[in-house]
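2 protein chains.
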Amino acid sequence: MTDVLNYKPVLALSGGVGGAKLALGLASVLMPEQLSVVANTGDDFEHLGLPISPDLDTLMYSLAGIANPAEGWGRVGESWQTMATLAELGGESWFRLGDLDLATHLYRAGGFAKGLSLSEVTQALCRRLGIGAEILPMSDDPVRTYVNTDRGALAFQHYFVRERCQPVVQSIEFRGQKLALANQRWLELLANPHLQAIVICPSNPFVSIDPMLGLPAVYDALRASPAPVIAVSPIVAGASIKGPSAKMMAEMQMPVSAAQVAHYYESRYPGLIDGFVVDISDGNEARHIDTAVLVTATVMKTLDDKKALASAVLEFAERLAAKSRQTLAAKAAGTSP
Amino acid sequence: MTDVLNYKPVLALSGGVGGAKLALGLASVLMPEQLSVVANTGDDFEHLGLPISPDLDTLMYSLAGIANPAEGWGRVGESWQTMATLAELGGESWFRLGDLDLATHLYRAGGFAKGLSLSEVTQALCRRLGIGAEILPMSDDPVRTYVNTDRGALAFQHYFVRERCQPVVQSIEFRGQKLALANQRWLELLANPHLQAIVICPSNPFVSIDPMLGLPAVYDALRASPAPVIAVSPIVAGASIKGPSAKMMAEMQMPVSAAQVAHYYESRYPGLIDGFVVDISDGNEARHIDTAVLVTATVMKTLDDKKALASAVLEFAERLAAKSRQTLAAKAAGTSP
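What follows is the structure in structure tokens.
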């Protein structure tokens, strides 16, 4: 990579834990200021009076270096005084809000009470947490993911946390999505001709990525960007590293494979993905995928793993961009490559 | 006192710390189930997304035996993880919400989100906290005390906590009071012919008692009750035991004395108070007070102090009730006593 390349902006789309790992890798191999991460807010909900944004918080804590390393979500060194007391009072304690984490939600509630937007509150929190990268909620308007299951429609956190993903998924809907405005800063970045790469992190396609890609104007803006769009498979060796991706695929009658994730993106967002990244354990799936494929180690346990994958993804993006430039140049010269 | 008397209900009206002390005394000398305490909710506010009811909480914690003995408000054994973290984030930390206390506010917010009323949430909390007495918010409708000061109109907690009562008080208003319905259970108790006594606790007349007494229908219902109304002075030896009563009186051009509290109640609520209780240090004020006066020790430091004052107040009420019965009997017999 050239020096110039190193200062071009990179955009990542991320859900929670899995996506945040790659976001941290990207923030570590880039200048932090180069990276903008758009976070899914379809998982957001109002709970016990407080606005909770799980994916934003996981990203913030990860990039600030204060995430709980055991869970991937929540804060390191967390305590549980309030939750324990709430349980004693007979209150709802299925969504575990740590004492340190609660401060984030109170801060956000206080910001909303003053009329600040989710973007503004997030920006203030990131500044205070010393995060160099930019974290953008996908929208300042409410979008709420509901999972239609054999036990009825469940708000996402009720499905995910309270019911521990046990109900069988039939379909997923994003209430408010078609009325929501995508974050303007995100659309501005997509219009930036210097954008180096757009990375779809290894997040759940159905409940982390779809809420973002289905926002009005987003698909067209992504297609219009000259930056290559690289998606990293959240399915490795036929299973999810984290979360219910694999279970959802099986319940929605899809083969549980990395290739199927690529097919899903291609069928839902034709022509969007320029390159697809699968784990080395899924090397034989490449031939079932129509886009360019990078086979590399995608399981991120250590910071080095995260940085290695981030670098591999960015190099892959640069190769695809170079090829695209060659194709365009050849077309302009009236020859075919 | 007779056994029968011991089982007759007693009603107390209370603000925060000072009132809660006498309420605890009353709960300790009565069968707990005999006591109903109506709490001021004019101090309530929405803060950082949470509904806070300071007087209700002080009463609950006091009667549950979990109040912080040093402060009188908040919970014993409190920790401050969330507040410390919120301060690190640059959030509003002027209203100190302890980790244990926060559970109460989250519980209340969760109840409101399910459509429960403040009364219902309070009842559930009291049950869970093992409180035998009944604690009733004065209304389920929002009444919000504003203090008009030399620095403008301040919501009560902003005046009281954030500004530490420093602005000079010009007047006080209770927004929403005339549209609020008094707690129906309170009005039912006032209509109970067996009611033993109505005790106005030594709370701030201007910001704890006035919000309650000025609710529609309350003055008439209090007047109609045959039970004697006993008010305990919050002013002792020309000063407040706790809170800004004395400072407010001075700023509103009133002499700062126990007698003036009696005059204030009499001018604002004519004929309401049947007996007034002043501290032994204010014995010489009795002659300036038109109602019956009990001079007794009103400063409550220990539980024994609280029980002694409670017993003295109840005995005073019984003497006044007996005298009233004699007067009525004499009138019925066509003689004057």
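First to last, the protein sequences are chains A and B.
Under my numbering, the first residue of the first sequence carries the number 902, and numbering increases by one thereafter.
Under my numbering, the first residue of the second sequence carries the number 902, and numbering increases by one thereafter.
Positions of the beta carbon are idealized from the N, C-alpha and C atoms, including for glycine.
For chain B, the residues of the region 995–1021 of chain A that bring a beta carbon within less than 9 Å of one of its beta carbons are 998, 999, 1000, 1001, 1002, 1003, 1004, 1005, 1006, 1007, 1008, 1009, 1010, 1011, 1012, 1013 and 1014, in chain order. Short of 6 Å from the beta carbon of residue 1189 (chain B), and not among the five residues preceding or following it, lie these beta carbons of its own chain, in chain order: 1160. Near chain A, meaning a CB-to-CB distance below 8 Å, the residues of the region 1026–1041 of chain B are 1026, 1029 and 1030. Scanning its chain for C-beta atoms nearer than 8 Å, with the 5 sequence neighbours on each side dropped, one finds around residue 1151 (chain B) the residues 1157, in chain order. Boundaries of the alpha helix (DSSP H) harbouring residue 1217 (chain A): 1204–1233, taken from the DSSP string. Cβ proximity to chain B below 9 Å picks out 947, 948, 949, 950, 951 and 952 from the region 935–962 of chain A. For residue 1054 (chain A), the secondary structure class from DSSP, reduced to helix, strand or coil, is strand. Residues of the same chain with a CB within less than 8 Å of the CB of residue 1192 (chain B), apart from the 5 flanking positions on each side, are 1163, 1167, 1174, 1175, 1176 and 1177 in chain order. The region 927–947 of chain B makes contact with the region 1034–1041 of chain B: 3 or more CB pairs, one atom from each, lie closer than 8 Å. Runs of beta strand (DSSP E) with 3 or more residues, each lying fully within the region 948–1028 of chain A, are found at 951–953, listed in chain order.
In its chain, beyond the 5 residues on either side, 943, 945, 946, 1056, 1057, 1075, 1076 and 1077 have a beta carbon closer than 8 Å to the beta carbon of residue 1045 (chain A). Closest in C-alpha terms to residue 1019 (chain B), from the list B:1153, B:1119, B:1083 and B:1070, comes B:1083. The beta-carbon distance between residue 1143 (chain A) and residue 918 (chain A), rounded to whole angstroms, is 5 Å. This is short enough to meet the 8 Å contact definition. Against chain A, the CB of residue 982 (chain B) has a partner CB under 7 Å away; the residue lies at that interface. Judged by DSSP in its simplified three-state form, residue 1154 (chain A) adopts coil rather than helix or strand.
The straight-line gap separating the alpha-carbon atoms of residue 1114 (chain B) and residue 1120 (chain B) is approximately 6 Å.
Burial is judged here by how many other beta carbons sit within 10 angstroms of a residue's own beta carbon; residue 977 (chain A) has fewer than 16 and is exposed. Counting along the chain, the unbroken alpha helix (DSSP H) around residue 1168 (chain B) starts and ends at 1159–1169. The Cβ-Cβ distance between residue 1128 (chain B) and residue 1092 (chain B) does not fall below 7 Å. Under the three-state reduction of DSSP, residue 1185 (chain A) is assigned to helix.
For residue 1070 (chain B), the three-state secondary structure derived from DSSP is strand. In this structure, DSSP gives residue 1086 (chain B) a helical state, which the three-state scheme calls helix. Residue 920 (chain B) sits close to residue 1102 (chain B), with the two beta carbons spaced by under 7 Å.
Under the 7 Å criterion on CB atoms, residue 1197 (chain B) is classed as non-interfacial with respect to chain A. No residue range can be given for residue 1062 (chain A), since it is assigned to no beta strand (DSSP E) and is classified by DSSP as neither H nor E. Residue range 1035–1038 is occupied by the beta strand (DSSP E) that includes residue 1038 (chain B), with no alpha helix (DSSP H) assigned at that position. Considering only A:1095, A:1135 and A:1211, the residue with the shortest C-alpha distance to residue 910 (chain A) is A:1095.
At a C-beta separation below 7 Å, residue 987 (chain B) has these neighbours in chain A: 1004, 1007 and 1008. With a cutoff of 7 Å on beta-carbon distance, residue 1000 (chain A) and residue 959 (chain B) are scored as not near each other. Judged by DSSP in its simplified three-state form, residue 1077 (chain A) adopts coil rather than helix or strand.
In this structure, the beta-carbon distance from residue 1104 (chain A) to residue 916 (chain A) falls below 7 Å. Bridge pairing for residue 1136 (chain A): A:1141 [DSSP].
For residue 1055 (chain B), no Cβ of chain A is located within less than 7 Å of the residue's own Cβ.
Note that the C-beta distance between residue 996 (chain B) and residue 1048 (chain B) is not below 7 Å. In the DSSP annotation of this structure, residue 915 (chain A) is not part of any alpha helix (DSSP H); the continuous beta strand (DSSP E) holding it starts and ends at 911–915.
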